[in-house]
Each structure stands twice: as structure tokens, then as C-alpha cells.
Amino acid sequence: ILWKDTGKTGEAAAALKMHVEDLLKLGIIDEMIPEPLGGAHLNPQLAFRNVAAFIQQQWKHLQTVPTELLLENRYQKFRKMGKFVVHEATL
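Per our numbering, residue 8 is the first one in the sequence shown, and the count goes up by one each step.
Below, the structure written as C-alpha cells:
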């Protein structure tokens, strides 16, 4: 879409900051669920087990956090998204 060239998908992903490291750094995602070697499509059952285990772990943790704190954390997380930051090193 950006360059109208399917050969530039890697470049587009980099420009859009769509790599997991970028998403973690930007605070868009909190964690990465490990993928089976070669990708989830090669071992969907393992991918499913990884996702299920992650959801169960998170659910157990979230049940211990007061609702007010969950709501405030979520509010703050989404308020930060899209925030433009200039670092002195880039000036």
C-alpha cells in the first residue's frame, strides 16, 4: 500500500513500526507470546497451547488487581499511544 510493491513488505513494516520490538517499545503490546519455530502455521497446536497458557496466566494475575487500578492503567496506556516524542539525540 505504501509503495504499491509487494516486494517492499519488510520496508513497510519497518516504516510502520510493526515489528514486535517496536510495538513493545511503543507500549502498544505488553508482552510477546512465543511462536513455534518457523511460525504458528507450521505447528498450530503448539501455538494454541502457548496462547492458552498465556491467557490463563494473565487471567490469574488480573484477578488479583483491583478494578480501579486496571481501569487507570488501561486509561494511561491508551492516552500514551500516538504521543509524539522528540529525543535530543535526533535533533
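C-beta atoms are modelled at their ideal positions from N, C-alpha and C, and glycine is treated no differently.
Straight-line gap, residue i to residue j (C-alpha atoms, nearest Å)
i	j	result
L31	E42	16 Å
A19	L49	25 Å
L77	R56	26 Å
H26	Q70	30 Å
V72	L23	33 Å
I35	K84	8 Å
E38	D29	12 Å
L44	T74	37 Å
Q52	T13	30 Å
K15	A59	33 Å
Residue-chain proximity (residue i, chain C), Cβ-Cβ < 8 Å
i	result
D12	This model lacks chain C altogether; it includes just one protein chain.
Which of helix, strand or coil DSSP assigns to residue i
i	result
L49	helix
Q65	helix
Extent of the continuous alpha helix (DSSP H) to which residue i belongs
i	result
V27	27 to 32
Q83	74 to 87
G17	16 to 22
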